[in-house]
Every structure is written in structure tokens, then in C-alpha cells.
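Number of protein chains: 2
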Amino acid sequence: MIRGRADKDESADRRPSLVEDAYAAMKDEIRESRFPPGYQASEQEIALRLGMSRTPVHEAAIRLQEDGLVRILPRKGILICALAPEDVREIYDVVIAIEGRAAALLADMPEVRREATAAELSRLTTTMAEAEAAGDLAAWGRADEGFHRTLVERAGNGRMIRINQTINDQAHRARMLTLKLRRELNASVSEHRQIIEAIRTGDAEAAQERAHRHRVRARDELLPLLASFGLKHL
Amino acid sequence: MIRGRADKDESADRRPSLVEDAYAAMKDEIRESRFPPGYQASEQEIALRLGMSRTPVHEAAIRLQEDGLVRILPRKGILICALAPEDVREIYDVVIAIEGRAAALLADMPEVRREATAAELSRLTTTMAEAEAAGDLAAWGRADEGFHRTLVERAGNGRMIRINQTINDQAHRARMLTLKLRRELNASVSEHRQIIEAIRTGDAEAAQERAHRHRVRARDELLPLLASFGLKHL
DNA sequence: TCGTATCACCTTGCATGGAAGTTGGCGCTC
DNA sequence: GAGCGCCAACTTCCATGCAAGGTGATACGA
Chain D
930 MIRGRADKDE
940 SADRRPSLVE
950 DAYAAMKDEI
960 RESRFPPGYQ
970 ASEQEIALRL
980 GMSRTPVHEA
990 AIRLQEDGLV
1000 RILPRKGILI
1010 CALAPEDVRE
1020 IYDVVIAIEG
1030 RAAALLADMP
1040 EVRREATAAE
1050 LSRLTTTMAE
1060 AEAAGDLAAW
1070 GRADEGFHRT
1080 LVERAGNGRM
1090 IRINQTINDQ
1100 AHRARMLTLK
1110 LRRELNASVS
1120 EHRQIIEAIR
1130 TGDAEAAQER
1140 AHRHRVRARD
1150 ELLPLLASFG
1160 LKHL
Chain Z
930 MIRGRADKDE
940 SADRRPSLVE
950 DAYAAMKDEI
960 RESRFPPGYQ
970 ASEQEIALRL
980 GMSRTPVHEA
990 AIRLQEDGLV
1000 RILPRKGILI
1010 CALAPEDVRE
1020 IYDVVIAIEG
1030 RAAALLADMP
1040 EVRREATAAE
1050 LSRLTTTMAE
1060 AEAAGDLAAW
1070 GRADEGFHRT
1080 LVERAGNGRM
1090 IRINQTINDQ
1100 AHRARMLTLK
1110 LRRELNASVS
1120 EHRQIIEAIR
1130 TGDAEAAQER
1140 AHRHRVRARD
1150 ELLPLLASFG
1160 LKHL
């Protein structure tokens, strides 16, 4: 019942600072498109909405700008960044680079670690297959997102994890939108299984190549779709 | 009567903002180890030193923390991050991922662009060879840095460029230190030329593989060197 | 009617003060 | 001497005030 955790270090007790609150709240509003792309808000207005003064909002905005989610227009306000198809292409290239390397790193790990990772990735991929069979798009999306996040996290490179998080935050809105547009999900499951197999057998080259190709295919499938819908920004 | 430095008359030049000034100044101090790793400073102290109030220093610190150069310890101060060998390994993996993908992107460009890029990279590599022959380590380092920066910048992916800059800022101190430790520079020139050749002929796979391998070799050469010097943090 | 200059307002940039958290030292107790 | 608690000093956090830059409306001149 009582958490049997000895509080060793700093991670346990975190008092939420207002800046942290503002950062999380604004990020969430952006992710859920409550602040739509292109919307321009004043710090005062956001501060009012969050029930705090301008200072923590301003500092949170700095962090969000660093994350590429907003732009601070000097003496004008906070602009929620929109994503052009070109941005989506850039994001995919970063993901291709990061996930490819992560897959290679995973395949180079000792066998016990590889097995554990492969098992976890397998579980997520199975969930995807089940969701696909059940026609549950949302569940499929969650599992797919989990697969790709796990792929990077298990590689154990903190900087890669951070980059991956940042880039995925940027892509989240696009992901939500495009999830509904795609009709062929089945390739993903089999491609995931091929990646897992390469990791399990410790074939770094194949793991990188397959992770790489998986994302290239997804990108090449997605970008024309965006173009055909004439989506200039999202 | 005389108020320190001119605060309005001097501004024939556009004054960006105090936050920008503080950010640049602090970043520079960190790069040049004027603020040594592990050093803990108070915002007040830095503000005094830069002749401004605490606010812009605080906001600059937020950005530097986002860049991974400092950590803000709540109610304690600003801690200059040190790099452990593990961090260097992480940084190399990110660079391997990014530069590998950049090389592949370059090789997939139309011929005119490939030629222009190859020419520019060739020029830098030639400078390296000359510096090496002349025993000019500093010039060699600058040209090598230019080669790798150009490799990423010509790929034209803004997000990759940003990631590359951030990661290179983190690695700058390590780079300065290790430049003097290495004695075999010659492999770099020939490896660079192989990368360039792959880009020129449009062989994306080879370009990625060679960029990849070039950095892996450099890493495997460097890490034992750091370990043998017992460098725990730098 | 159209172009321009002016002005009132809205925005952030930055300084500063009070509040609250953290730390290290000093004296007290045992 | 060793351990403990308290306090003073130092730190950031956050609110707020003032000033300056930018913008759009409006009035005026051609």
C-alpha cells in the first residue's frame, strides 16, 4: 500500500512550479488544437486564462519556442506554429535518422537486453494487429506511437530520447489528423516485426535499414496524401 | 552624471535584446571554459557581471538549459553542465545518426546541387590536408568542423541543422581538448574524400554508410583516449 | 476619394520588491 | 567531542510597474 520506495534523490518530490504548470498547460492546449495553429495570443490573455501573472507564462513560452511549438513575436504576442508539408518532410527525416540509429544500437546490445526489448516491441505490435482487426484506429495509433517511442527509449541515449520527444510533440497534430486518412495499416505490423527480428538476432545493419525503410515508406505514403487534400498548414 | 556606458546613444547598431546578449555572452563563457564545468553561479552574480538585471539572465538561462549547457537548480543557482565520457558517447551517436542521414539526403539531390556541395566539401578537405602537412592543428580543427557543419547544412533540413548546432555546442569543449590528443588525423581526409565521392555520384547508401563509419571510427578512437586519461568530466 | 501623418492603445522588455525555499554555521545539549 | 536544532543569509520564484515599440484607426490635406 505504502510505496516501498526509499526517497533517495530528487525525483520523488516535485512541487509544481507555476512555470512548469504553464508549460504543460500550453503544450497540451497546442497538442489538442485548443490553441489552433496560426492563432496569436497575448501573454496577458494566457496568464489570465491560467490564473497567474505574465512572468511564468513568458518563461514557459521561451521553452515552447525552443521546442519549436510557438514563436514569440517581439511586442506582438505568441504565435502557435503551423506545420507546412515541408515541415512534415523535415520531421520525417529527423525521425528516420534517429530511429535508424536507435535500432542499430539496440541490435548491438547484449542478448538479454535485446530479448527484453524485442519482447516489449512485440507486445506493442501485437496490440496494433489486434486493434487493426477490431477497426480501432485510436488504439492502433497509441500502440504504434508506443512502438516508436519504445524503440528510441530502449536505446538508452538520453539525448536521442529528448530529440525524439521534441520532434514528436511537433508532429502530434499532424499524426492525429493523418491517422484517419490512411487506409493501409497492415504494412506497418509486418515491417515492425521485421525490425524486431533484426534486433533479436543482433543484426545492426538490418535493423537500421529496416527501421529506415519503414519510415521512408510511411513518409512517401503520407506526403502525397497531405498534398492531395491541399493542406497547406496544420 | 555619467551613467556607465552609453545606454541610448550607443545604439546606432540595432540592439537585439538584453536576453539575446545574455544568452550569447553566457554561451561564449561556457564554450571558452571561463565558466568551467561544475561551476555554480547565481543569477545575481552573472547579472552584475553583464551589467543587467536578473530577468534577462534568468530567461537566457532557461534557453541554455534547454540547450543542455546548464542546469537550473531551483533556488540554488545555475550549474554549468559537465560532460562525462558517457555523454560524449551519446553525442557521437546523435551525430552519427544526423550526419549519416544528411549525407544520404545530399546524395539524393539533383546533380547540380551535388556538384556544388561536393566542391565545397572538397575545398574544406583540401584545407585539412594542407593544415595537416603544415602541422597546424587549429586550422585542421576549423576545417574539419566546417566540413561536418557544411555536410549537415547543405542537406537543407532546418531541424537537423538546429539539432546539429545544439549538439556541437555541447561537444565544443570536448572537441577543443581532444584535438590535441589525437595524433592520427590522416584517416579523416581520405574518409572525407570517400564521402564526397559517394555524394558526387549520387550513391545515397554509400554516402550514409561512409559518413556513419567515419564517425564511428572517430568515436572508437576517442573514447579510449578519454578513458586512458581518466577524464571523468570535462 | 485617396494618401499621409498622428495618436491612442496594446503589446512585450526589463527592473525590482516581497515571499518562500535551501543551506551552512553557530550555539546548545548531552 | 558529537549530535541536534535553530537562525540568518542567500537563492530563486513570481507579481507588478514603467517604458518603449508596434499597429490600426482617424483626422486632415490634396
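Chains as they are written, first to last, in the numbering used here: chain D, 930 to 1163; chain Z, 930 to 1163. Glycine residues also receive a C-beta, built at the ideal position from the N, C-alpha and C atoms.
Exercise for review: Have a look at Ile1020 of chain Z and Gln1099 of chain D and give me their C-alpha separation to the nearest angstrom.
Suggested key: Taking the second sequence and counting its residues from 1, the one referred to as residue 1020 of chain Z is at position 91. Taking the first sequence and counting its residues from 1, the one referred to as residue 1099 of chain D is at position 170. So the two alpha carbons sit approximately 22 Å from each other.
Check your understanding: The alpha helix (DSSP H) spanning Arg1030 of chain D covers which residue range?
Key -> Mapped onto the first sequence, residue 1030 of chain D falls at position 101. That run of the alpha helix (DSSP H) goes Pro1014 to Ala1036.
**Study point:** Contacts of Asp1022 of chain D in chain Z (Cβ-Cβ under 7 Å)
**Key:** Indexing the first sequence from 1 puts residue 1022 of chain D at position 93. Those are Arg1030, Leu1034, Asn1086 and Met1089, listed as they occur along chain Z.
Review point. If you follow the beta strand (DSSP E) that Leu1106 of chain D is part of, which residue opens it and which one closes it?
Key: Taking the first residue of the first sequence as position 1, residue 1106 of chain D is located at position 177. Per DSSP, Leu1106 of chain D belongs to no beta strand (DSSP E); it is in the alpha helix (DSSP H), Gly1087 to Leu1108.
Check your understanding: At which residues does the beta strand (DSSP E) containing Leu1008 of chain Z begin and terminate?
Key -> Here residue 1008 of chain Z refers to the residue found at position 79 when the second sequence is read from its first residue. Counting along the chain, the beta strand (DSSP E) containing Leu1008 of chain Z begins and ends at Gly1006 to Ile1009.
Practice item. Kindly say whether Glu995 of chain Z, judged by its beta-carbon, lies nearer than 8 Å to any beta-carbon of chain D. Key: Position 66 of the second sequence holds residue 995 of chain Z. With 8 Å as the cut-off, Glu995 of chain Z counts as an interface residue toward chain D.
Check your understanding: Does any residue of chain D bring its CB to less than 8 Å from the CB of Arg992 of chain Z?
Key -> If you number the second sequence from 1, residue 992 of chain Z lands on position 63. Chain D places a beta carbon closer than 8 Å to that of Arg992 of chain Z, counting this residue as a contact.
Point to revise | Opposing strand residues paired with Leu1114 of chain Z [DSSP bridges] | key: Position 185 of the second sequence, counted from the start, is the residue given in the question as residue 1114 of chain Z. Partner(s): none; Leu1114 of chain Z has no beta bridge.
Practice item. Mind listing the chain D neighbours of Ile1027 of chain Z? Cutoff is C-beta to C-beta under 7 Å, in chain order. Key: As a position in the second sequence, residue 1027 of chain Z is number 98, starting the count at 1. Near Ile1027 of chain Z (Cβ distances below 7 Å), the residues of chain D are Ala1026.
Check your understanding: How should Ala1156 of chain D be labelled, buried or exposed, when 16 other C-beta atoms within 10 angstroms of its C-beta is the threshold for buried?
Key -> The count along the first sequence starts at 1 and reaches residue 1156 of chain D at position 227. It is exposed - the Cβ of Ala1156 of chain D has fewer than 16 other Cβ atoms within 10 Å.
Point to revise | Reduced DSSP secondary structure (H/G/I, E/B, other) of Ala1084 of chain D | key: Here the question's residue 1084 of chain D lines up with position 155 in the first sequence. Correct three-state label for Ala1084 of chain D: coil.
Review point. Do Ala1032 of chain Z and Ala1140 of chain Z have their C-beta atoms within less than 8 Å of each other?
Key: Translated into the one-based positions of the second sequence, residue 1032 of chain Z becomes position 103. Translated into the one-based positions of the second sequence, residue 1140 of chain Z becomes position 211. A contact, by the Cβ cut-off of 8 Å.
Practice item. State the Cα-Cα distance for the pair Met1038 of chain D and Gly1131 of chain D, rounded to the nearest angstrom. Key: As a working mapping, residue 1038 of chain D is identified with position 109 in the first sequence. As a working mapping, residue 1131 of chain D is identified with position 202 in the first sequence. Rounded to the nearest whole angstrom, the C-alpha separation of Met1038 of chain D and Gly1131 of chain D is 7 Å.
Point to revise | Buried versus exposed, by CB contacts within 10 Å (16 or more), Asp1073 of chain D | key: Working through the first sequence from its first residue, we reach residue 1073 of chain D at position 144. Under this definition Asp1073 of chain D is a buried residue.
Check your understanding: Is Ile1092 of chain D close to chain Z, meaning its C-beta is less than 8 Å from at least one C-beta of that chain?
Key -> Counted from its first residue, the first sequence places residue 1092 of chain D at position 163. At least one chain Z Cβ lies under 8 Å of Ile1092 of chain D.
Check your understanding: Straight-line CA distance for Pro985 of chain Z to Asp996 of chain Z?
Key -> Here residue 985 of chain Z corresponds to residue number 56 of the second sequence, with the count starting at 1. Here residue 996 of chain Z corresponds to residue number 67 of the second sequence, with the count starting at 1. Taking the straight line from one Cα to the other gives about 17 Å.
Exercise for review: Just tell me which of D:Gln1094, D:Glu1028 and D:Ser1117 has its CA closest to the CA of Ser1051 of chain D.
Suggested key: Here the question's residue 1051 of chain D lines up with position 122 in the first sequence. Ranking the options by Cα distance to Ser1051 of chain D, first place goes to D:Ser1117.
Review point. Does any CB atom of chain D fall closer than 8 Å to the CB of Glu1120 of chain Z?
Key: Counting from one through the second sequence, the residue named residue 1120 of chain Z turns up at place 191. Among the residues facing chain D, Glu1120 of chain Z is not included, as its CB has no counterpart in that chain under 8 Å away.
Check your understanding: Near Asn1093 of chain D, which residues of its chain fall below 6 Å by C-beta distance, leaving aside the five closest residues on each side in sequence?
Key -> Translated into the one-based positions of the first sequence, residue 1093 of chain D becomes position 164. Answer for Asn1093 of chain D: Ile1027 and Val1081, listed in chain order.
Practice item. Could you tell me whether the Cβ atoms of Leu1106 of chain D and Leu1163 of chain D are closer together than 8 Å? Key: In the first sequence, counting from the first residue as 1, residue 1106 of chain D sits at position 177. In the first sequence, counting from the first residue as 1, residue 1163 of chain D sits at position 234. In contact: Leu1106 of chain D and Leu1163 of chain D (Cβ atoms closer than 8 Å).
Check your understanding: Any C-beta of chain Z sitting closer than 8 Å to the C-beta of Glu1019 of chain D?
Key -> Here the question's residue 1019 of chain D lines up with position 90 in the first sequence. For Glu1019 of chain D, a Cβ of chain Z is located within less than 8 Å of the residue's own Cβ.
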